[in-house]
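Numbering (the numbering used here), first residue to last: 1 to 439.
Virtual Cβ for every residue (Gly too), placed ideally from N, Cα, C.
Working notes, beginning with the structure itself.
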């Protein structure tokens, strides 16, 4: 009798085989020919409508023999959909993927390295070597650069969207506490001073509400100059003195200074709701909540993340457009896919994208071309654009979600006072080295 565990092992082995090598057997999805480019996206309605128009414009360019077809897939569960398509040998030509998914796809050799196309474009246009890469927000572009097993850097696509956190603050709360609503704190020291003046536990008011996940903790780690991984990516460095100092600040805001209102606790009032109802005077938040806060009639401002020893910085989220491998695809078509991505992320298109959707452009040359008819939203977007210049990319590991699973409970234990910051980071680093980096 064959044990069920052996059957499972065999099934997993076959699944991994087809996932790793499925790109060699890719066939065209039904109804599309050699001059058609299929793009999978997971945008919201307004984004999708604009992207379709961008695709039509590119397809109609003089001399262009290729036509882009856009297909919408759900944001939730997209990784499973891509894996299924790869196993079946029928992925799209281009796919919009969450940035943490890129290392896994690169590791399984299912993406096209576009370095040679970048070099070719720079030669054709007599550009300086590396000039194409420098057009983009550094942290966003960095998420596309993955080292292979030999340490050689490969470039897998371009960022199509990027975001991060800035400091949101309630101007009415500032004024009530005797603080200038137009002068938010610039450093963590000033932040603590402001937060103390904004805190009144008897009235249920706190200077700050914070999230506890790793992603929301990167602004702290980054502003203290914490390096997450060693240069070769084989060792976690989060328990360094910089990492300890950064997490200690988070813990001190809650325990020592008592200016954080417990937003991170299970059952606590979350940051968004607490900011809307005035419970938290300051929070770290992304641009996606600007419209919500405006609709709730919150009188708020947005400023850079307070600077630490390494200056101001933030976390980075967003998505990348990648070209899936297909060994039957002609070189001319791969170049067409590359040209389309360059068009989508060009300064003119990105300026239009940012102006219409109030989103951070990924192309730095687009910064000067943005025009928004709402003065407040234009000012806020420019703060986020400035913040992205000092943003740091997330660590590139095969399974980013594992980092969150390991680190978040340790940070919660430190915030609760059950263990020290040193113990929390030491525990996390030991598990990351053993369970994530040595795989």
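Looking at the strands, I want to know which residues DSSP matches up with residue i.
i: residue 72; result: 41
i: residue 321; result: 96, 158
i: residue 236; result: 229
i: residue 166; result: 285
i: residue 111; result: 324
i: residue 34; result: DSSP, once it has assigned bridges, lists no residue as partnering residue 34.
i: residue 243; result: Note: residue 243 sits in no beta bridge, so no partner.
i: residue 209; result: 283
i: residue 187; result: 307
Using the rule of at least 16 other Cβ atoms within 10 Å of the residue's Cβ for burial, across every protein chain shown, is residue i buried or exposed?
i: residue 284; result: buried
i: residue 27; result: Here residue 27 scores only 44 on pLDDT, less than 50, and its place in the model is too uncertain to base an answer on.
i: residue 350; result: buried
i: residue 157; result: buried
i: residue 75; result: exposed
i: residue 352; result: buried
i: residue 124; result: exposed
i: residue 19; result: Residue placement at residue 19 is flagged as unreliable, the pLDDT there being 43, under the threshold of 50; the coordinate-derived value follows with that caveat. Flag for residue 19 reads buried.
i: residue 239; result: buried
i: residue 396; result: buried
i: residue 22; result: In this prediction, residue 22 scores a pLDDT of 41, lower than 50, which makes its location untrustworthy; the coordinate-derived value is nonetheless stated afterwards. Buried is the call here.
i: residue 306; result: buried
i: residue 93; result: buried
i: residue 329; result: buried
i: residue 374; result: exposed
i: residue 363; result: buried
i: residue 152; result: exposed
i: residue 438; result: exposed
i: residue 58; result: buried
i: residue 371; result: exposed
i: residue 178; result: exposed
i: residue 25; result: Its pLDDT being 37, under 50, residue 25 is placed unreliably in this model, and the value from its coordinates should be taken loosely. Exposed, because fewer than 16 other Cβ atoms sit within 10 Å of the Cβ of residue 25.
i: residue 341; result: buried
i: residue 333; result: buried
i: residue 223; result: buried
i: residue 212; result: buried
i: residue 203; result: exposed
Flag this pair as yes or no: are the beta carbons of residue i and residue j separated by less than 9 Å?
i: residue 164; j: residue 270; result: no
i: residue 183; j: residue 155; result: no
i: residue 95; j: residue 321; result: yes
i: residue 323; j: residue 187; result: no
i: residue 326; j: residue 91; result: yes
i: residue 48; j: residue 39; result: no
i: residue 214; j: residue 407; result: yes
i: residue 36; j: residue 82; result: no
i: residue 72; j: residue 98; result: no
i: residue 380; j: residue 436; result: no
i: residue 249; j: residue 209; result: no
i: residue 388; j: residue 132; result: no
i: residue 176; j: residue 299; result: no
i: residue 392; j: residue 220; result: no
i: residue 290; j: residue 377; result: yes
i: residue 121; j: residue 130; result: no
Exercise for the section: Could you name each continuous alpha helix (DSSP H) segment of 4 residues or more that falls completely within the segment 245–315, going from the start of the chain to the end? Expected result: Those alpha helix (DSSP H) runs which fall completely within the segment 245–315 and span 4+ residues are 271–276, 290–295.
Problem - Three-pair Cβ contact test at 8 Å for the segment 104–116 versus the segment 346–360 - result: Pairwise C-beta distances place the segment 104–116 out of contact with the segment 346–360, as fewer than three of them are shorter than 8 Å.
Handout entry: Sequence ranges, alpha helix (DSSP H) only - wholly within the segment 120–161, length at least 4
Key = 131–134, 138–142
Problem - alpha helix (DSSP H) runs contained entirely in the segment 382–432, provided each spans 4 or more residues - result: 400–416, 421–431
Practice task
Spell out a yes or no on whether the segment 248–262 and the segment 129–145 are touching, meaning 3 or more CB-CB pairs, one atom from each, closer than 8 Å.
Solution key: These segments do not touch.
Exercise for the section: Tell me, please, whether the segment 357–368 touches the segment 192–199 by the rule of three or more beta-carbon pairs shorter than 8 Å. Expected result: At 8 Å Cβ cutoff, the stretches do not touch.
Handout entry: Touch test, the segment 399–406 against the segment 426–433, Cβ-Cβ under 8 Å, three pairs minimum
Key = Because the criterion of three Cβ pairs below 8 Å is met, the segment 399–406 and the segment 426–433 touch.
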